[in-house]
Structures are given as structure tokens and as C-alpha cells.
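Visitor:
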Amino acid sequence: MENNHVKTCLHCGIELTDKNWHPSCKKKGYYICKTCQKAETRKHYLKNRDKIIARSMKRYNLIKTDTKFLAKRNKTNREYYTHRGGKQRAREARERRYKEIVISLGSKCEQCGFDDLRALEIHHKNGRPKNEQKRKIINKNYPLKRLQLLCS
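Sequential numbering from 4 applies to the sequence shown in the numbering used here.
1) Hey, would you say Leu150 sits closer than 8 Å to Glu113, going by beta carbons?
2) Between Ile104 and the rest of its own chain, which residues show a CB-CB distance below 6 Å, the 5 nearest in sequence each way excluded?
3) Taking only three categories from DSSP, how would you classify Glu95?
4) One question on the structure: do Leu65 and Tyr34 come within less than 8 Å of each other, judged by their Cβ atoms?
5) Counting only the same chain and skipping the five closest in sequence on each side, list residues whose C-beta sits under 8 Å from that of Ile2.
6) Does the Cβ of Lys19 have 16 or more other Cβ atoms within 10 Å, making it buried, or fewer, making it exposed?
7) Along the chain, where does the beta strand (DSSP E) that runs through His126 open and close?
8) Would you grab the beta carbon distance between Arg97 and Ile141 for me? Rounded to a whole angstrom, and I think it's under 8 Å.
9) Let me confirm a value: Leu147 is counted as buried when at least 16 other C-beta atoms fall within 10 Å, else exposed. Which label applies?
10) Hey, how far is the Cα of Asn77 from the Cα of Lys90?
11) For Cys28, report the span of its alpha helix (DSSP H) as first-last.
12) With DSSP collapsed to three states, give me the class of Val105.
13) Thinking Asp118 and Lys111 are a contact (beta carbons under 8 Å), I'd like their distance in whole angstroms, please.
14) Between the alpha carbons of Lys46 and Asp53, how many angstroms are there, rounded?
15) Which whole runs of the alpha helix (DSSP H) in the stretch 37-87 are 4 residues long or more, in chain order?
16) Tell me the rounded alpha-carbon separation between Gln40 and Gly130.
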């Protein structure tokens, strides 16, 4: 047996829909629209500002000085980048991006037509040093019209 009555905000009386009813409020059965919820949250913060800031600073200072927590976090970060293959994933992503750039530039030398990817290098048309911009070219969306493929 479904209950199909129209749900309205208890504060302003507007009809609650998926667009104006926050999912967490809907899940908990709070009949309050997003606008009124925002106003209530703001009012609560302004009323309890000092307590909220003090609690936040206490938590921050505990974390900052807790050596066990810091050791665990550092170990987790180290494991992610070494044991779980983070470096390998990053290397593969760089190589994939490099191949995409080479393919989009035509996959062959502009001077002689040589097409072995292992021997091709990306060069600037205006003569900038290659090593200066290589990271920017691979990691960012660098304008490819400034680049050319040449044999090494």
C-alpha cells in the first residue's frame, strides 16, 4: 500500500521534489527543502561558531601531533605509490599520452617519412628546447600545431 500524498517543506510549505529535496534529508524523512536546509545550517553555524571552530582545531592539532596516525598515513601513501603499482600506472599513463600525441601528429617524420615510433621525437617548430617543455606536452593539453615529429 503506497502513500502518494504530496510532501511539503515544513518551513516554507513548497512541494518537495527530487530537485529541491536533499537526498540525505529525504532518506532520513526530514521534510525540509534545500533552501530552508541551507538557511538552518547557516543559522546553526553562526549560533555555535566558536564551539565548531574549537572542535575543528582540537581535531586538527590531535592529528598533527599524533605520531601513530602520521606514520599510518605515510605508510599508506608509500604503499599506494610503490606496492600497489602507482608508479607503474603513472608511467603507463605517460607512455599512453605520448603515443596519442605521436599518432595525432601523423606517426612519421616530417622530413623523411620514417615511421618507427621508437626513433621519433617531438620537436617544437619554433626551435624551443625539447626537454624544457616535454613534461608540459605530455601532461597537459599542449597545442599540437606548434609541434612536429622528427627522427632522432
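Glycine is no exception: its CB is placed at the ideal position from the N, C-alpha and C atoms.
Computed from a predicted structure; not experimentally measured.
Guide: Based on what the coordinates show:
1) no
2) None.
3) helix
4) no
5) Beyond the ends of the chain as shown, which are 4 and 155, falls residue 2; an answer cannot be given.
6) Note that residue 19 corresponds to Leu in the displayed sequence, not to Lys. By the neighbour-count rule (16 or more Cβ atoms within 10 Å), Leu19 is buried.
7) Leu123 to His127
8) That belief holds up - the Cβ atoms of Arg97 and Ile141 are roughly 6 Å apart, short of 8 Å.
9) exposed
10) Cα-Cα distance, rounded: 16 Å.
11) Pro26 to Lys31
12) helix
13) 4 Å
14) 13 Å
15) 37-50, 52-68 and 70-84
16) 58 Å
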